[in-house]
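Enquirer: FYI, the numbering for the sequence shown is 136 to 481, going by the numbering used here.
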Amino acid sequence: METINWDNLGFAYRKTATILRCTYKDGAWGEVESLTDDNIAISSFAGCLHYSIECFEGLKAFRGKDGKVRIFRPEENARRLQSSAASLFIPAPSEELFISMCRRLVKENIDYLPPYGHNASLYIRPTLIGSNPQLGVKSSNEVVLYMLCSPVGAYVGGTLQPCNAVIARNHDRAATYGTGRFKVGGNYAASLYALNIAHQQGYSAVLHLDPAEHRFIDEFNSSNFFGIKGNTYITPKSDSILPSITNKSLITVAEHLGMTVERRQVPVEEMDTFEEVGECGTAVVITPVSYIDDKTRLEDKDITKRYSFYSDTECGPKSLRLYRMITGIQYGEIEDPFGWCTFVEE
Ligand SMILES: Cc1ncc(COP(=O)(O)O)c(C=O)c1O
Numbered sequence: 136m137e138t139i140n141w142d143n144l145g146f147a148y149r150k151t152a153t154i155l156r157c158t159y160k161d162g163a164w165g166e167v168e169s170l171t172d173d174n175i176a177i178s179s180f181a182g183c184l185h186y187s188i189e190c191f192e193g194l195k196a197f198r199g200k201d202g203k204v205r206i207f208r209p210e211e212n213a214r215r216l217q218s219s220a221a222s223l224f225i226p227a228p229s230e231e232l233f234i235s236m237c238r239r240l241v242k243e244n245i246d247y248l249p250p251y252g253h254n255a256s257l258y259i260r261p262t263l264i265g266s267n268p269q270l271g272v273k274s275s276n277e278v279v280l281y282m283l284c285s286p287v288g289a290y291v292g293g294t295l296q297p298c299n300a301v302i303a304r305n306h307d308r309a310a311t312y313g314t315g316r317f318k319v320g321g322n323y324a325a326s327l328y329a330l331n332i333a334h335q336q337g338y339s340a341v342l343h344l345d346p347a348e349h350r351f352i353d354e355f356n357s358s359n360f361f362g363i364k365g366n367t368y369i370t371p372k373s374d375s376i377l378p379s380i381t382n383k384s385l386i387t388v389a390e391h392l393g394m395t396v397e398r399r400q401v402p403v404e405e406m407d408t409f410e411e412v413g414e415c416g417t418a419v420v421i422t423p424v425s426y427i428d429d430k431t432r433l434e435d436k437d438i439t440k441r442y443s444f445y446s447d448t449e450c451g452p453k454s455l456r457l458y459r460m461i462t463g464i465q466y467g468e469i470e471d472p473f474g475w476c477t478f479v480e481e
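Shown next, in the form of structure tokens:
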């Protein structure tokens, strides 16, 4: 095995020891197979390749301060995968199968689990694809569940380093009554055009608005949005955003820390009143946002308005408190009062 620099992982693909595969065929799930080759063979007529009959998940395993291995809230990811699969009308694994595969994957790839103290973790990527050959548009009756993993560090920049974002009013990632609330690959394909233009212009993320009116904040391209006003944690409520497990956890943590939580429609202009703004998600954990530019046409130079928050270089104190508690639970640095960690025995 190659030597890994745990401090400089970023968020990138790295081959690990094994991937797991489980196939659903003729109405039943088969045996879980462990494969050392991460190249897969499927029919070139598989529905996932043509019609994006695909959904996935993202969760993390952590090496704790106490040496124990924890997976963060895998049952939530199992349920969300079931909901995404239902939106595609394809079979989904049971919670039990999902969690047992997560545990086995971590065990088989334990050498790739970053040691404690590097702000790093093992990212688990369960992927469910429609695999039977087909030509017409219809839901797949055979699916394959792959479990992949990769050691990861910070998603963008460094841990807790502020990023920036742009509102692109002429690009939506999801439709009002569309698939925004499911973790299906098609949503990400739909977000790539704006994301690439944003990157070319030096923004790290796109902040999407509600597709019906473009009046309210939806979410970032790969994370949820939160704002802090005084002692209140404010996060958008919308049918076109992914129900983030990190955001759900932060809501609980914020309440636990005595903050008020508001989950409601958030008008774009309200950002003027936010002292801190952050991205939240499994990959980004909490990433503070220093400013957000509002653009009528992303491709143009003109900026309608710039919303600035706490600092260009530092994370705000409220976001930092939330970050410390959630990562403290994940790394076993503090007691887990909510029972969120699933332990993996080695
Ligand atoms: C579009 C989008 N929103 C939100 C999130 C955050 O969800 P979670 O906290 O469950 O990772 C993600 C993925 O991480 C995402 O891709």
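Where a beta carbon is used, it is the ideal one built from N, C-alpha and C, also for glycine. Bear in mind the structure is a predicted one, so any value in this text is a computation, not a measurement.
1. Give me the Cα-Cα distance between Arg-350 and Met-406, rounded to the nearest whole angstrom.
2. What residues match up with Ile-427 in a beta bridge as DSSP calls it?
3. From this set, Arg-399, Glu-410 and Ala-289, which residue's C-alpha is nearest Asp-447's C-alpha?
4. Buried or exposed for Met-136, going by 16 or more other Cβ atoms inside 10 Å?
5. Taking only three categories from DSSP, how would you classify Met-394?
6. Whose C-alpha, out of Lys-242, Ser-179 and Leu-194, is nearest the C-alpha of Ser-187?
7. State yes or no: is the C-beta of Thr-387 nearer than 6 Å to some heavy atom of ligand 1?
8. Quick one: is Pro-249 buried, meaning 16 or more other Cβ sit within 10 Å of its Cβ, or exposed?
9. Please report the residue range of the beta strand (DSSP E) in which Lys-242 lies.
10. Among Thr-314, Val-412 and Asp-142, which has the Cα closest to the Cα of Asn-299?
11. Following a CB-centred definition, is Glu-168 positioned closer than 6 Å to any heavy atom of ligand 3?
12. Report yes if the C-beta distance between Ile-177 and Pro-209 is below 7 Å; otherwise report no.
13. So, for Tyr-466: in the same chain, excluding its five sequence neighbours on each side, which residues have a beta-carbon less than 7 Å away from its beta-carbon?
14. Near Val-396, what residues of its chain come up, given a Cβ to Cβ distance below 6 Å and the 5 sequence neighbours on each side ignored?
15. Near Ile-461, which residues of its chain fall below 8 Å by C-beta distance, leaving aside the five closest residues on each side in sequence?
16. Since Lys-430 and Arg-304 should fall inside the 8 Å C-beta cutoff, what is the C-beta to C-beta distance between them, to a whole number of angstroms?
17. How big is the Cα-Cα spacing for His-334 and Gly-165?
18. In the DSSP assignment, find the unbroken alpha helix (DSSP H) run with Ala-371 in it and report its ends.
19. Which complete alpha helix (DSSP H) runs does the region 282-357 hold, if anything under 4 residues is left out?
20. DSSP three-state call for Trp-141: helix, strand or coil?
21. So what does Ala-181 bridge to, in DSSP terms?
22. Looking only at DSSP bridge pairs, what is Gly-362 linked to?
23. Does the beta-carbon distance from Ser-358 to Glu-414 come in below 7 Å?
24. Please state whether DSSP places Val-419 in a helix, a strand or coil.
25. Could you pull out every residue in the same chain whose Cβ sits closer than 7 Å to the Cβ of Ile-154, ignoring the five residues on either side in sequence?
26. Let me know the secondary structure DSSP gives Ser-169 once reduced to three states.
27. According to DSSP, is Arg-215 part of a helix, a strand, or is it coil?
28. To the nearest angstrom, how far is it from the Cα of Leu-455 to the Cα of Ser-218?
29. Does the distance between the C-beta of Ile-380 and the nearest non-hydrogen atom of ligand 1 fall short of 6 Å?
30. DSSP state of Pro-209, grouped into three classes?
31. Considering only their Cβ atoms, is the gap separating Ala-418 from Ile-146 smaller than 7 Å?
32. Could you tell me whether any non-hydrogen atom of ligand 1 is closer than 6 Å to the CB of Asn-89?
33. Opposite Cys-189 in the DSSP bridges: which residues?
34. Mark Val-241 as exposed unless 16 or more other C-beta atoms lie within 10 angstroms of its C-beta, in which case mark it buried.
35. Is the CB-CB distance between Ala-221 and Leu-144 below 7 Å?
36. Closest to Tyr-315 by C-alpha separation, out of Leu-342, Ser-274 and Ser-375, would be which residue?
Expert: This is what the structure gives:
1. 12 Å
2. Ala-300 and Tyr-442
3. Glu-410
4. exposed
5. coil
6. Ser-179
7. no
8. buried
9. From DSSP, Lys-242 is part of no beta strand (DSSP E) but of the alpha helix (DSSP H) over 230-243.
10. Val-412
11. Judged by which ligands are present, ligand 3 is missing from the structure shown, whose ligands are ligand 1.
12. no
13. Phe-197, Gly-199, Lys-200 and Tyr-251
14. Tyr-368, Ile-386, Ala-389 and Glu-390
15. Thr-381, Ser-384, Leu-385, Val-388, Val-420 and Ile-421
16. 7 Å
17. 42 Å
18. This sequence places Pro at residue 371; Ala is not what is there. Run containing Pro-371: none in the alpha helix (DSSP H); it sits in the beta strand (DSSP E), 367-371.
19. 320-335
20. helix
21. Pro-268
22. Ile-369 and Val-412
23. yes
24. coil
25. Leu-170, Asp-173, Tyr-281, Met-282 and Leu-283
26. strand
27. helix
28. 32 Å
29. yes
30. helix
31. In the sequence under discussion, the amino acid at residue 146 is Phe, which differs from the Ile named in the question. Cβ distance < 7 Å, so Phe-146 and Ala-418 count as in contact.
32. The shown model of the chain, from 136 to 481, leaves out residue 89, and the question about it has no answer.
33. Per the sequence shown, the amino acid found at residue 189 is Glu instead of Cys. For Glu-189, which the question treats as bridged, DSSP gives the partners Ile-264.
34. buried
35. no
36. According to the sequence displayed, residue 315 carries Gly and not Tyr. The shortest Cα separation from Gly-315 among Leu-342, Ser-274 and Ser-375 belongs to Ser-375.
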